[in-house]
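The block underneath contains the structure these notes are about, expressed in structure tokens.
Protein chains: 2
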Amino acid sequence: MGEGTRIAHGGDLDAARRLFPAGPEPWVDLSTGINPVPYPCPPLEASAFTRLPSAAELTALRNAAADAYGADPATVAAAPGTQILIETLPRLRARSRVAVLSPTYAEHAAAWTRGGHHVVAVADLSGAEGCDVVVVVNPNNPDGRIVPAGDLLATAHALGRRGGLLVVDEAFADFEPAGSLCAEVGPGLVVLRSFGKTYGLAGLRLGFALAEPALALRIAEALGPWAVAGPALAIGRTALRDRSWREAARAARAADAARLDRMIGRAGGVVVGGTSLFRTADFEDGPGVFRRLGEAGIYVRRFEAMPHRLRFGLPADRGEWCRLSRILR
Amino acid sequence: MGEGTRIAHGGDLDAARRLFPAGPEPWVDLSTGINPVPYPCPPLEASAFTRLPSAAELTALRNAAADAYGADPATVAAAPGTQILIETLPRLRARSRVAVLSPTYAEHAAAWTRGGHHVVAVADLSGAEGCDVVVVVNPNNPDGRIVPAGDLLATAHALGRRGGLLVVDEAFADFEPAGSLCAEVGPGLVVLRSFGKTYGLAGLRLGFALAEPALALRIAEALGPWAVAGPALAIGRTALRDRSWREAARAARAADAARLDRMIGRAGGVVVGGTSLFRTADFEDGPGVFRRLGEAGIYVRRFEAMPHRLRFGLPADRGEWCRLSRILR
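Protein chains in written order, with the working numbering: chain A, 586 to 914; chain B, 586 to 914.
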């Protein structure tokens, strides 16, 4: 049996070790867009592990998420990671024609296809005409493309009027200035938010769907009671309420991203986009750069269909920056 | 918005506090069938929280589960709790006629109904004739009824021959002598196993489906990559490999169950069944016993349709046994 899907993803250093058996340990993992400086987790009470998560804890988490995202708590459904929401949405709709703004995070198209829908890849919103469901990752992964909020809202309203749905995956929106649609959800619009990337806690598995209350309830029902684990409830609630940490992290990661852009530029790369948590660049010899990095124990994300393109997550500390700098020059 | 479902469950002390505002703290929660003496968790590395769970970690967990359940690793799909598997199975089948051996854990019938299937409650396997899917909780919750493995296997084979499916939920099988079907999965048979109840770690969210490899893969795909959180991968793997803890816990909980039966008997209750993790008893004045316990800060599980019936989880320690004993006499 495989591990659930064959879509290539970053974050698996065992794959890096197989590719570069001589790569020195410890590896520098730049293959994801996860904040390398995690939220300082408060100590967990034993009951977070031992007890069934309570309704009150879930309510507190949803309230904290609503506050952080500027939304109504009644529109928030919590899940063990955004990925499972991506898998769930296609099962809540009758067979639909689905447009995915592409290229983008590959799990969206895969999940709608698995759900029995007809999926087309489109380059922009105008290509999605006639579709019942439109999926936009905003800002986009891996190129950081931003679709203006006004265009998305117009699309959502048009879709909502005829029973359609716009899915906006704001996985990388927390640190970006672009307008979130979390406060605008209603008929025809669902927004996904990821917790683990911003807070550097991808192992915790926590994500949210924001939708009109009836759809938010259907999503929560599809996941069943106790979908979010005790540690995620406790840490998520505290972290989402911590505005000062988020503001400081936003500034620090933006500075990191600018530094990474300069480093990539010195190495002859052309940054084509990204967010404060990852930078995507084209190189004349992408495979060569990927190999030089790998042989030095630095794992970045490559793309099968675009060999010149590499995506860089942010180094975690001075040591990692130094190792990257020695190769990118 | 509600909390995902309106089915009543144990384990929510806030509900107990609302029912008995004068109940003394700390509450004794006997409303679940969760082992009150949890597995002593090893210290978690920070990476369990910060990193995306890796394919190798998932493989190690599946191997440990296969070992613990006496099954082939290729038949094991891991999930963030059994509940989400109960929600997922109905979505993997075309509209079916589903028989649920009842009364039992209510989420099975609810999930198949939500999935668009036609669900009937039946008293035994003979009542399930003509159905495509049969669901049996074995041993049953709340009455501990055990359907012999041979009868289940015969049913599974008959269903498998015509594309049907027997779902055996072995949530409470770990500590019981009854034969598990984990080693027998194949066409027509899927088995669910719960981690949190046995190991007293319900907040961790971990459960397994065992099925023929093609179905196990479909289940894993429906949950998507990284379905199981890092803490659950790390703790689950260690705990499932710890045979000596499990054997000691099995003996200790069996002794607890016997002690609880004696206590219930002294209070005039008639134990109608259960497992080593909970005992179910009928009382002449069930509501009165429920109220006396609640007013003393002890929360047990009652059943709306059967007011004479109460389910008791196991007290955790000497103090909890004493408090229970003061009421049950």
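For every residue, glycine included, the Cβ atom is placed at its ideal position computed from N, Cα and C.
ask   = Any Cβ of chain A within less than 8 Å of the Cβ of aspartate 736 of chain B?
value = If you number the second sequence from 1, residue 736 of chain B lands on position 151. Not an interface residue.
key: alpha helix (DSSP H) runs contained entirely in the segment 716-780 of chain B, provided each spans 4 or more residues   = 734-746
query = Leaving out five residues before and five after glycine 655 of chain B in sequence, what residues of the same chain have Cβ atoms less than 8 Å from its Cβ?
reply = Along the second sequence, one-based indexing puts residue 655 of chain B at 70. These residues qualify, in order along the chain: Ser765, Cys767, Ala768.
message = Counting only Cβ-Cβ distances shorter than 8 Å, please list the residues of the segment 783-815 of chain A near chain B, keeping chain order.
response = Gly785, Leu786, Ala787, Gly788, Leu789, Arg790, Pro798, Ala801, Leu802, Ala805, Glu806, Ala807, Leu808, Gly809, Pro810, Trp811, Ala812, Val813, Ala814, Gly815
message = Please confirm whether arginine 676 of chain A has its beta-carbon closer than 8 Å to some beta-carbon of chain B.
response = Looking up residue 676 of chain A in the first sequence gives position 91. Closer than 8 Å to some Cβ of chain B, the Cβ of arginine 676 of chain A qualifies, so yes.
key: Residue ranges of each alpha helix (DSSP H) within the segment 789-838 of chain A, 4 or longer   = 798-808, 815-825
ask   = Can you check whether the CB of histidine 742 of chain A is closer than 8 Å to the CB of glycine 712 of chain A?
value = Residue mapping note: residue 712 of chain A aligns to position 127 of the first sequence, counting from 1. Residue mapping note: residue 742 of chain A aligns to position 157 of the first sequence, counting from 1. Their beta carbons are not under 8 Å apart, which means glycine 712 of chain A does not touch histidine 742 of chain A by this criterion.
inquiry  = As a quick exercise: from A/Leu909, A/Gly871, A/Gly850, pick the residue whose alpha carbon is nearest that of methionine 891 of chain A.
reply    = Working through the first sequence from its first residue, we reach residue 891 of chain A at position 306. It is A/Gly871.
request  = Would you please verify whether the beta carbon of phenylalanine 875 of chain A is less than 8 Å from any beta carbon of chain B?
outcome  = By one-based count along the first sequence, residue 875 of chain A stands at place 290. With 8 Å as the cut-off, phenylalanine 875 of chain A does not count as an interface residue toward chain B.
query = CB arginine 790 of chain B to CB proline 665 of chain B, shorter than 8 Å?
reply = Translated into the one-based positions of the second sequence, residue 790 of chain B becomes position 205. Translated into the one-based positions of the second sequence, residue 665 of chain B becomes position 80. Yes; because the gap between Cβ atoms is below 8 Å, this pair is in contact.
query = By Cβ distance, which residues of its chain are closer than 7 Å to leucine 845 of chain B, with the 5 residues on each side in sequence left out?
reply = Reading the second sequence from its first residue, position 260 is the one you call residue 845 of chain B. Taken in chain order, the residues that qualify are Arg864, Phe897, Leu899.
message = Measuring alpha carbon to alpha carbon, tell me which residue in B/Asp759, B/Gly785, B/Val752 is nearest alanine 794 of chain B.
response = The count along the second sequence starts at 1 and reaches residue 794 of chain B at position 209. Ranking the options by Cα distance to alanine 794 of chain B, first place goes to B/Val752.
request  = Have a look at threonine 823 of chain A and alanine 649 of chain A and give me their C-alpha separation to the nearest angstrom.
outcome  = Here residue 823 of chain A refers to the residue found at position 238 of the first sequence. Here residue 649 of chain A refers to the residue found at position 64 of the first sequence. About 8 Å.
task = Name the one or two DSSP bridge partners that tyrosine 884 of chain A has.
result = Here the question's residue 884 of chain A lines up with position 299 in the first sequence. Tyrosine 884 of chain A is bridged to A/Asp614.
task = Please classify valine 683 of chain B: does DSSP put it in a helix, a strand, or coil?
result = Position 98 of the second sequence, counted from the start, is the residue given in the question as residue 683 of chain B. Reduced to three states, the DSSP call for valine 683 of chain B is strand.
task = Could you say which of A/Arg887, A/Leu895, A/Ala836 lies nearest to valine 855 of chain A if we only look at CA atoms?
result = Counted from its first residue, the first sequence places residue 855 of chain A at position 270. Comparing Cα-Cα distances from valine 855 of chain A to each of A/Arg887, A/Leu895, A/Ala836, the minimum goes to A/Leu895.
request  = Measuring only between beta-carbons, confirm whether cysteine 626 of chain A sits less than 8 Å from chain B.
outcome  = The residue labelled residue 626 of chain A in the question sits at position 41 within the first sequence. Yes - at least one Cβ of chain B is within 8 Å of the one on cysteine 626 of chain A.
inquiry  = I need the straight-line Cα distance from arginine 682 of chain A to glutamate 806 of chain A, nearest angstrom please.
reply    = For the purposes of this step, residue 682 of chain A is taken as the residue at position 97 of the first sequence. For the purposes of this step, residue 806 of chain A is taken as the residue at position 221 of the first sequence. Cα-Cα distance, rounded: 24 Å.
query = Any Cβ of chain A within less than 8 Å of the Cβ of isoleucine 669 of chain B?
reply = In the second sequence, residue 669 of chain B corresponds to position 84, counting from 1. Yes, contact with chain A.
query = Cα separation between aspartate 721 of chain B and glutamate 832 of chain B?
reply = Mapped onto the second sequence, residue 721 of chain B falls at position 136. Mapped onto the second sequence, residue 832 of chain B falls at position 247. A small fix is needed here, since residue 721 of chain B is valine in this sequence, not aspartate. Those two C-alpha atoms are separated by around 26 Å.
query = Mind pulling the chain A residues with CB within less than 8 Å of alanine 640 of chain B?
reply = For the purposes of this step, residue 640 of chain B is taken as the residue at position 55 of the second sequence. At a C-beta separation below 8 Å, alanine 640 of chain B has these neighbours in chain A: Glu588, Asp597, Asp599, Ala600.
query = DSSP beta-bridge partners for phenylalanine 875 of chain B?
reply = Against the second sequence, residue 875 of chain B aligns to sequence position 290. In the DSSP output, where bridge partners are listed per residue, phenylalanine 875 of chain B has none listed.
task = Give the residues from the segment 686-705 of chain A that approach chain B closer than 8 Å (Cβ to any Cβ), ordered along the chain.
result = Glu692, Ala696, Arg699
message = Against leucine 637 of chain B, what residues of chain A qualify as contacts under a CB-to-CB distance less than 9 Å, listed in chain order?
response = As a working note, residue 637 of chain B is residue 52 in the second sequence. Those are His594, Gly595, Gly596, Asp597, Thr617, Ile619, Gly781, Ala787, Gly788, listed as they occur along chain A.
query = Where does histidine 693 of chain B sit, in a helix, a strand or coil, going by DSSP?
reply = For the purposes of this step, residue 693 of chain B is identified with residue 108 of the second sequence, where counting begins at 1. DSSP places histidine 693 of chain B in helix when its eight states are reduced to three.
task = Taking only the alpha-carbon atoms, compute the straight-line gap between alanine 739 of chain A and valine 776 of chain A and give it to the nearest angstrom.
result = Taking the first sequence and counting its residues from 1, the one referred to as residue 739 of chain A is at position 154. Taking the first sequence and counting its residues from 1, the one referred to as residue 776 of chain A is at position 191. Those two C-alpha atoms are separated by around 15 Å.
query = Between which two residues does the alpha helix (DSSP H) carrying arginine 914 of chain A extend?
reply = Taking the first sequence and counting its residues from 1, the one referred to as residue 914 of chain A is at position 329. Neither: arginine 914 of chain A is in no alpha helix (DSSP H) and is coded neither H nor E.
task = List the residues of chain A whose Cβ lies closer than 7 Å to the Cβ of glycine 666 of chain B, in chain order.
result = In the second sequence, counting from the first residue as 1, residue 666 of chain B sits at position 81. Those are Trp811, listed as they occur along chain A.
ask   = How many angstroms separate the CA atom of histidine 703 of chain A from the CA atom of leucine 750 of chain A?
value = To locate residue 703 of chain A, count along the first sequence from 1; it is residue 118. To locate residue 750 of chain A, count along the first sequence from 1; it is residue 165. The alpha-carbon atoms of histidine 703 of chain A and leucine 750 of chain A are separated by roughly 14 Å.
inquiry  = By the 8 Å beta-carbon criterion, what residues does the segment 870-897 of chain A contribute toward chain B?
reply    = none
inquiry  = Below 8 Å on C-beta distance, what does alanine 817 of chain A contact in chain B?
reply    = The count along the first sequence starts at 1 and reaches residue 817 of chain A at position 232. Within chain B, the residues near alanine 817 of chain A are Ala814.
Within-8 Å CB hit, glutamate 672 of chain A to chain B = On the first sequence, position 87 is the one that residue 672 of chain A refers to. Chain B, which has a Cβ nearer than 8 Å to the Cβ of glutamate 672 of chain A, makes this yes.
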